[in-house]
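Since the structure comes first, as structure tokens, the remarks are kept for the end.
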């Protein structure tokens with residue numbers, strides 16, 4: 001049974017949404033204020049959060065920021081509700097990490113259909129996660145760092161692009177490397193360099209959510225795949241990762257060295273060479289999926305464009321002095 005948390009100041013709206021989703025078999029927790037909504041989102045482990053922008057105690061956007069910045073603690077996709085059909089408000093909400101923006105009052109049939117579609121996407125993401133958990137058996141894990149390897153990336157990144165095309169959702173990647181890593185190797189030896197690589201991978205894996213993945217891209221370069229993360233969420237993650245890795249020196253008992261990283265962030269579809277929503281819709285034409293070869297070819301090309309954008313921004317970060325995040 002899917003669990004949905006509803007946060008809205010209007011009791012009538014809450015009751016209507018609860019009745020609609022309960023009729024679809026969902027377990028619904030409904031709250032009328034932002035503080036209570038955040039508490040419910042943390043404790044209920046929801047599959048979906050429906051969030052009204054007008055709340056009595058706090059701005060709905062602030063609740064959305066808090067949800068997206070909590071990383072592993074609250075992972076559910078967020079649907080925004082507003083009485084205002086305002087383009088700027090929609091764009092702001094989507095950039096902050098929401099996956100939908102609905103106008104109140106929402107017709108029960110539309111609400112039901114949209115929630116079912118979002119839950120299907122979440123189910124597909126969970127299926128991908130199960131593949132991640134089987135990666136070690138398929139030799140998709142880097143032996144040194146225990147992060148995933150390039151073979152895993154080649155397989156899963158294309159799958160993520162294809163899934164995003166089918167369902168029209170976004171995801172991001174963060175490519176990062178270690179500042180002055182060659183100097184660490186030259187000064188302290190390769191054994192300590194290997195220790196640093198393992199530490200960096202371990203710290204990154206402790207920051208991600210369960211549906212994300214850390215990949216050793218090559219040498220001291222890593223890639224993090226961020227499921228259903230838009231530009232704002234990916235940039236926030238990159239800054240959190242930067243702090244996590246830089247806050248504690250690398251210490252193996254013999255050497256103690258501070259370290260920082262550079263991060264380049266790219267988001268699908270806007271950083272994959274897709275110029276407009278119309279082009280994305282054309283690419284997502286249902287007829288495409290009747291031709292598996294064409295879909296794989298398109299997914300591969302878009303994946304390469306996304307990696308190229310992340311790589312370009314990583315080098316911009318390095319060339320600007322190091323210890324930087326570049327997201328646009």
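In full-length UniProt numbering, the protein residues as written are 1 to 328. Glycine residues also receive a C-beta, built at the ideal position from the N, C-alpha and C atoms. Every value quoted in this text rests on a predicted model; they were computed, and no experiment measured them.
Distance between beta carbons of residue j and residue i, contact taken as under 8 Å
i, j, result
"residue 200", "residue 245", "6 Å"
"residue 156", "residue 128", "7 Å"
"residue 309", "residue 271", "4 Å"
Cβ neighbours of residue i in the same chain (closer than 6 Å, five flanking residues each side left out)
i, result
"residue 29", "5, 40 and 44"
"residue 321", "none"
"residue 331", "Not covered by the structure: residue 331. The range shown for the chain is 1 to 328."
"residue 130", "none"
"residue 21", "4 and 28"
"residue 324", "262 and 317"
"residue 58", "34"
Inter-residue spacing [alpha-carbon to alpha-carbon] between residue i and residue j
i, j, result
"residue 97", "residue 216", "26 Å"
"residue 318", "residue 140", "28 Å"
"residue 23", "residue 114", "14 Å"
"residue 218", "residue 147", "11 Å"
"residue 16", "residue 10", "10 Å"
"residue 179", "residue 256", "15 Å"
"residue 198", "residue 18", "47 Å"
"residue 328", "residue 202", "27 Å"
"residue 225", "residue 38", "26 Å"
"residue 300", "residue 175", "18 Å"
"residue 313", "residue 177", "12 Å"
"residue 311", "residue 326", "10 Å"
"residue 107", "residue 298", "36 Å"
"residue 151", "residue 254", "34 Å"
"residue 238", "residue 260", "12 Å"
"residue 258", "residue 153", "29 Å"
"residue 132", "residue 54", "39 Å"
"residue 95", "residue 32", "24 Å"
"residue 296", "residue 36", "45 Å"
Start and end residues, beta strand (DSSP E) containing residue i
i, result
"residue 3", "3-7"
"residue 225", "221-226"
"residue 264", "261-268"
"residue 141", "Note, residue 141: premise wrong, no beta strand (DSSP E); not H, not E."
"residue 30", "27-31"
"residue 214", "213-218"
Same chain only: Cβ atoms within 7 Å of residue i, ignoring 5 sequence neighbours per side
i, result
"residue 169", "99, 121 and 228"
"residue 207", "71, 240, 241 and 244"
"residue 267", "170, 172, 230, 231 and 234"
"residue 90", "101"
"residue 252", "192 and 195"
Selected residue, minimal CA-CA separation from residue i, among the options
i, options, result
"residue 185", "250, 241 and 20", "250"
"residue 67", "267, 7 and 171", "7"
"residue 212", "75, 49 and 32", "75"
"residue 161", "306, 38, 181 and 187", "306"
"residue 79", "88, 92, 87 and 50", "50"
"residue 145", "119, 107 and 221", "221"
"residue 315", "297, 46, 296 and 264", "264"
"residue 25", "42, 47, 13 and 134", "47"
"residue 210", "87, 125 and 12", "125"
"residue 69", "192, 248 and 236", "236"
"residue 269", "158, 238, 187 and 193", "158"
"residue 118", "63, 65, 163 and 32", "163"
Residue interval of the alpha helix (DSSP H) (run including residue i)
i, result
"residue 185", "181-188"
"residue 81", "Here residue 81 belongs to no alpha helix (DSSP H); instead the beta strand (DSSP E) covers 78-82."
"residue 232", "231-246"
"residue 61", "60-69"
"residue 43", "34-44"
Other residues of its chain near residue i: CB distance less than 8 Å, five sequence neighbours each side excluded
i, result
"residue 286", "Any reading at residue 286 must be qualified, since the residue scores a pLDDT of 44, below 50, and its modelled position is unreliable; the value itself is stated next. Contacts found: none."
"residue 143", "none"
"residue 27", "1, 2, 3 and 4"
Residue i beta carbon near the ligand NAD (any heavy atom closer than 6 Å)
i, result
"residue 263", "You won't find the ligand NAD in this model; it holds no ligand whatsoever."
Residue i at chain D interface by Cβ criterion, 7 Å
i, result
"residue 109", "Considering every chain present, this structure includes no chain D. It has just one protein chain."
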